[in-house]
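Asks:
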Amino acid sequence: MICELCPRRCHALRDEDRGEGYCGMPSLPVVARAAPHMWEEPCLSGTEGAGTVFFSGCTLGCVFCQNDAISHKNFGKGLTEEELYGVFERLAERGVHNIELVTPTQFTHVLAKVLERPMPKGLPVVWNSGGYERVESLRALEGKVDIYLPDLKYMTAQAAQRYSGAEDYPEAAKAAILEMYRQRGALRFEDGLLKSGVMIRHLLMPGGVKEAKAVMDWVAESFPTGDVLFCLMAQYTPMGDLSACPEIDRRVRPSELRAARNYMDDLGLKGYVQELECVGEQFIPAFDLTGL
């Protein structure tokens, strides 16, 4: 295939065994882990966990990525469409509350086909992405994804380029999230679990309160109150070589989280705030082909 899935539209040649594009992925999916995950938001993890499937490769180049082994170094196992569906079936047998596809954008073309099949036990499908999507690609998922869980990392092109190598990220992500909302509409819950809708995540960065406020302003202005959930995340952990970006070579300060939380409350955004106690490498899943 000649790839145009993400906003980079790099027109890379991707065949079943190799990929030449930005994400470095072949055309068939590569997966690093599939297992119940208890550390998502309560409405996703519930009591039995979200059924997370971590895909390898990424369309972003975040210098601070906690999943570097799979996002940048492309560790994982190649699967056929049938094998991937088998992974979903095994997760369902373990009693998870949903099938959560983590960093799936580079495999949208395959997942759009796999998701044509009914999910085992009628589980909702969660699309957990960095938000860097093309609206045209998302339209292939209409009616197949129940819950969209995008990041909204930046509202300024300067920050997006410096930290993720994607100057066009703000405009692409905003357009993508609006499309996600168009598809799913207002939130729907059953027994405290999210069954349909959009939940937007923002990772608070060191020195990033101003950026976080801009993100929250956009969310508050773009959606009716209570129609989407907002998750303010504090799990930023300095990892890898940050010598080129020394200003983010530290953890988020309590005062920064407090300022962002207060702003979220003032805007009346509904959702979650991640506590600083949830920060550290111990909260990063082991990418060891579990569940494959």
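Under our numbering, the sequence shown is numbered contiguously, ending at residue 295.
Ideal Cβ positions, reconstructed from N, Cα and C, are used throughout, including at glycine.
Among residues of its own chain, excluding the 5 on either side of A115, which ones have a beta-carbon nearer than 8 Å to its beta-carbon?
Replies: If we look at A115 and ignore the five residues flanking it on each side, its Cβ neighbours are A143, L144, K147.
Asks: List, from N- to C-terminal side, the alpha helix (DSSP H) runs of 4 residues or more that fit wholly inside the region 132-157.
Replies: Listed in chain order, the complete alpha helix (DSSP H) runs (minimum 4 residues) inside the region 132-157 are 138-141.
Asks: How about A217 and G271: do their beta carbons lie closer than 9 Å?
Replies: No, they are not a contact pair.
Asks: Specify the secondary structure class of R187 as computed by DSSP and reduced to three states.
Replies: Helix.
Asks: Residues in its own chain within less than 7 Å of V212 by CB, not counting five upstream and five downstream?
Replies: Closer than 7 Å at the Cβ level, and outside the excluded window around V212, lie E259, A262, A263.
Asks: Kindly list the residues whose CB is nearer than 8 Å to the CB of V3, restricted to its own chain and excluding five residues on each side of it in sequence; keep chain order.
Replies: Here the chain comprises residues numbered 4 to 295, so residue 3 is not present and cannot be evaluated.
Asks: Residues in its own chain within less than 6 Å of L292 by CB, not counting five upstream and five downstream?
Replies: Only K80 meet the Cβ criterion.
Asks: Using 10 angstroms around the beta-carbon of G136, count the other beta-carbons present and answer buried if the total reaches 16, otherwise exposed.
Replies: Looking at the sequence itself, residue 136 is Glu, so the reference to Gly does not match. By the neighbour-count rule (16 or more Cβ atoms within 10 Å), E136 is buried.
Asks: Within the region 163-215, note down every full alpha helix (DSSP H) run reaching 4 residues or more, in order along the chain.
Replies: Counting whole runs of 4 or more residues, the region 163-215 contains the alpha helix (DSSP H) stretches 172-187.
Asks: How is I287 classed by DSSP in three states: helix, strand or coil?
Replies: Coil, per DSSP.
Asks: So for T111, helix, strand or coil by DSSP?
Replies: If DSSP states are grouped into helix, strand and coil, T111 belongs with the helices.
Asks: Would you mind giving the Cβ-Cβ distance between L235 and H205, rounded to the nearest angstrom? I have them listed as a contact below 8 Å.
Replies: At roughly 6 Å, the Cβ-Cβ gap stays under 8 Å, so L235 and H205 are in contact.
Asks: Give the straight-line distance between the Cα atoms of E139 and P10, rounded to the nearest whole angstrom.
Replies: Roughly 10 Å separates the two Cα atoms.
Asks: Do the region 13-20 and the region 66-73 touch if we need at least three Cβ pairs shorter than 8 Å?
Replies: With the cut-off at 8 Å, the region 13-20 and the region 66-73 do not touch.
Asks: Return yes when the Cβ of G200 is within less than 9 Å of the Cβ of D154, no when it is not.
Replies: Against a cut-off of 9 Å, the Cβ pair of G200 and D154 comes out as no contact.
Asks: Extract the residue ranges of the alpha helix (DSSP H) inside the region 32-97, only unbroken runs of 4 or more that lie entirely within it.
Replies: DSSP runs (the alpha helix (DSSP H)) wholly in the region 32-97: 45-48, 71-74, 84-96.
Asks: Do you know offhand how far Y172's Cα is from L126's?
Replies: Near 31 Å, if we compare the C-alpha coordinates of L126 and Y172.
Asks: Among the residues of its own chain, which have a CB less than 6 Å from the CB of A178, if the five just before and after it don't count?
Replies: These residues qualify, in order along the chain: V138.
Asks: Tell me where the alpha helix (DSSP H) around M267 begins and ends.
Replies: Where M267 is concerned, the enclosing alpha helix (DSSP H) stretches over 257-270.
Asks: Nearest CA to the CA of K76: which residue from M41, E85, T62?
Replies: Checked all of M41, E85, T62; the closest Cα to K76 is T62.
Asks: Taking the C-alpha atoms as reference points, what is the distance between A175 and L94?
Replies: Taking the straight line from one Cα to the other gives about 32 Å.
Asks: Bridge partners for L104 per DSSP, in chain order?
Replies: Paired residue(s): V56, W130.
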